[in-house]
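A.B. asks: At position 87 of the sequence shown (counting the first as 1) the number is 176 in this note's numbering, and the numbers step up by one without a gap.
Virtual Cβ for every residue (Gly too), placed ideally from N, Cα, C.
Values in this document were obtained by computation on a predicted structure and should not be read as measured data.
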Amino acid sequence: MRRCERIVVLTGAGVSAESGLGTFRDEGGLWAQHRIEDVATPEAFARDPALVHRFYTARRIQAAQAQPNAAHRALARLQADWEGDVLLVTQNVDGLHQKAGASAIHMHGELSRALCAACAHRWDAPLEMSAGDTCPACHAPSARPDIVWFGEMPYHMERILDAIQTCDLFAAIGTSGQVYPAAGFVEEARLAGAATVELNLRDSDMSHAFEHHILGPASRTVPVWVDQILTGK
Ligand code: OAD
Numbered sequence: 090m091r092r093c094e095r096i097v098v099l100t101g102a103g104v105s106a107e108s109g110l111g112t113f114r115d116e117g118g119l120w121a122q123h124r125i126e127d128v129a130t131p132e133a134f135a136r137d138p139a140l141v142h143r144f145y146t147a148r149r150i151q152a153a154q155a156q157p158n159a160a161h162r163a164l165a166r167l168q169a170d171w172e173g174d175v176l177l178v179t180q181n182v183d184g185l186h187q188k189a190g191a192s193a194i195h196m197h198g199e200l201s202r203a204l205c206a207a208c209a210h211r212w213d214a215p216l217e218m219s220a221g222d223t224c225p226a227c228h229a230p231s232a233r234p235d236i237v238w239f240g241e242m243p244y245h246m247e248r249i250l251d252a253i254q255t256c257d258l259f260a261a262i263g264t265s266g267q268v269y270p271a272a273g274f275v276e277e278a279r280l281a282g283a284a285t286v287e288l289n290l291r292d293s294d295m296s297h298a299f300e301h302h303i304l305g306p307a308s309r310t311v312p313v314w315v316d317q318i319l320t321g322k
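In structure tokens:
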């Protein structure tokens, strides 16, 4: 692989599974236990903010207790040691990439941040948020988790697409390829002429779009893959 190559890595819930955080769509995953339309849409929040806050408070507490695994640490190493650019884009909201020392773009928001639905001010979320919590800037009782819900526009799309359109290597790790726009990134990368690789426990809905496949648990496959890139093998 050429030095100074531009790499974009997309991660999903599978990268945090071995840190004890459940994925969404694997057997017994979050979306088997909760209906998306009850907890992860703006309409759900308007209808029953207490329920939505309880759901995200439970996840915030769980994420705060979780520790990064070898996959998060390997990606931080790739970012630190690669001579070229490594843009790490995550759909995860758990903060484990930062805990491992990486800098990640959070396209679906972050559990550790709060957003005012009235004035769009953002601040560090307390561990527990409740219906009617007020915004520290405008004092409206409109505090919500800073999470991108279904029907909302993911964050930082322009920056992400710019990077994908000029990257040489695109990797997707631990994501099922069921949620757009992230699921479409591999096609953008291919159009840009980038090499594409998927790292997953099993084939995903988007596997056919990737040139290379590495099957196995992320904590085992990602460190080996990162070593191969860094040593040029
Ligand atoms: P999913 O739960 O849809 O998919 C998890 C993927 O991780 C699956 O393809 C698994 O095969 C894989 N996986 C599980 N354990 C793994 C392991 N140890 N090593 C490697 N791979 C593993 O999660 P996402 O694709 O991240 O959005 O879901 C995308 C979005 O849908 C989420 O960001 C969330 C959700 O609804 C919002 O909440 C807006």
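I want to check one thing, is the minimum distance from the CB of A155 to the heavy atoms of the ligand OAD below 8 angstroms?
C.D. replies: As a position in the sequence shown, residue 155 is number 66, starting the count at 1. A155: no, Cβ never under 8 angstroms from the ligand OAD.
A.B. asks: Taking all protein chains shown into account, do 16 or more other C-beta atoms lie within 10 angstroms of the C-beta of E287, making it buried, or fewer, making it exposed?
C.D. replies: The residue given as residue 287 occupies position 198 in the sequence shown. Result: buried.
A.B. asks: Give the list of continuous alpha helix (DSSP H) stretches no shorter than 4 residues that lie fully inside the segment 248-322.
C.D. replies: Segments of the alpha helix (DSSP H) lying fully in the segment 248-322: 274-280 and 307-320.
A.B. asks: Quick one: does the C-beta of I253 sit closer than 8 angstroms to a heavy atom of the ligand OAD?
C.D. replies: In the sequence shown, counting from the first residue as 1, residue 253 sits at position 164. Because no heavy atom of the ligand OAD lies under 8 angstroms away, the Cβ of I253 does not count as near it: no.
A.B. asks: Do S201 and R149 have their CB atoms nearer than 9 angstroms?
C.D. replies: Position 112 of the sequence shown, counting from 1, holds the residue named residue 201. Position 60 of the sequence shown, counting from 1, holds the residue named residue 149. Cβ atoms of S201 and R149: closer than 9 angstroms.
A.B. asks: Roughly how many angstroms lie between the CA atoms of S108 and A159, to the nearest whole one?
C.D. replies: Counted from its first residue, the sequence shown places residue 108 at position 19. Counted from its first residue, the sequence shown places residue 159 at position 70. Distance between the alpha carbons of S108 and A159: 9 angstroms.
A.B. asks: When you compare only the Cα positions, how much space is there between V141 and T320?
C.D. replies: Walking along the sequence shown from the start, residue 141 turns up at place 52. Walking along the sequence shown from the start, residue 320 turns up at place 231. Answer to the nearest angstrom: the Cα atoms are 46 angstroms apart.
A.B. asks: Distance, Cα to Cα, S308 vs T264?
C.D. replies: What you label residue 308 is simply residue 219 of the sequence shown in a count that begins at 1. What you label residue 264 is simply residue 175 of the sequence shown in a count that begins at 1. The alpha-carbon atoms of S308 and T264 are separated by roughly 14 angstroms.
A.B. asks: Can you tell me which of the three DSSP states A193 falls into?
C.D. replies: What you label residue 193 is simply residue 104 of the sequence shown in a count that begins at 1. A193 falls in the strand class under three-state DSSP.
A.B. asks: In whole angstroms, give me the CA-to-CA distance for E51 and G184.
C.D. replies: With the chain represented from 90 up to 322, any question about residue 51 goes unanswered, as that position is not in the structure.
A.B. asks: For the segment 239-252 against the segment 209-226, are there 3 or more C-beta pairs whose distance is under 8 angstroms?
C.D. replies: No, they do not touch.
A.B. asks: Just to confirm my understanding: we take I318, look at its own chain, exclude 5 residues before and 5 after, and list those with CB closer than 6 angstroms. What are they?
C.D. replies: One-based indexing of the sequence shown puts residue 318 at position 229. Taken in chain order, the list of residues that qualify is empty.
A.B. asks: By alpha-carbon positions, which one of Y145, R114 and V98 ends up nearest to T130?
C.D. replies: Translated into the one-based positions of the sequence shown, residue 130 becomes position 41. Among Y145, R114 and V98, the Cα nearest to that of T130 belongs to Y145.
A.B. asks: Is the segment 225-242 touching the segment 186-200 in the sense that three or more CB pairs, one from each, lie closer than 8 angstroms?
C.D. replies: Output reads yes: the segment 225-242 touches the segment 186-200.
A.B. asks: For E172 and E94, I'd like the C-alpha separation in whole angstroms.
C.D. replies: Taking the sequence shown and counting its residues from 1, one reaches residue 172 at position 83. Taking the sequence shown and counting its residues from 1, one reaches residue 94 at position 5. Looking at the two C-alpha atoms, the distance is approximately 8 angstroms.
A.B. asks: Is it true that the segment 116-134 meets the segment 275-287, where meeting means three or more beta-carbon pairs spaced less than 8 angstroms apart?
C.D. replies: With a cut-off of 8 angstroms, the segment 275-287 and the segment 116-134 do not count as touching, because too few Cβ pairs lie within range.
A.B. asks: Which first and last residues belong to the alpha helix (DSSP H) in which D137 is found?
C.D. replies: In the sequence shown, residue 137 corresponds to position 48, counting from 1. Looking at the DSSP string, D137 is not in any alpha helix (DSSP H), and its letter there is neither H nor E.
A.B. asks: Please identify the residue among A163, V178, A139 and L110 whose C-alpha is closest to the C-alpha of D251.
C.D. replies: As a first step, residue 251 must be located in the sequence shown, where it is residue number 162. The shortest C-alpha separation from D251 is found at V178.
A.B. asks: Answer yes or no: the CB of V326 versus the heavy atoms of the ligand OAD, is any distance below 8 angstroms?
C.D. replies: This structure cannot speak to residue 326, because the chain is shown only from 90 to 322.
A.B. asks: Quick check: the Cα distance between L290 and A272, rounded to an integer number of angstroms?
C.D. replies: Against the sequence shown, residue 290 aligns to sequence position 201. Against the sequence shown, residue 272 aligns to sequence position 183. Taking the straight line joining both Cα atoms gives about 17 angstroms.
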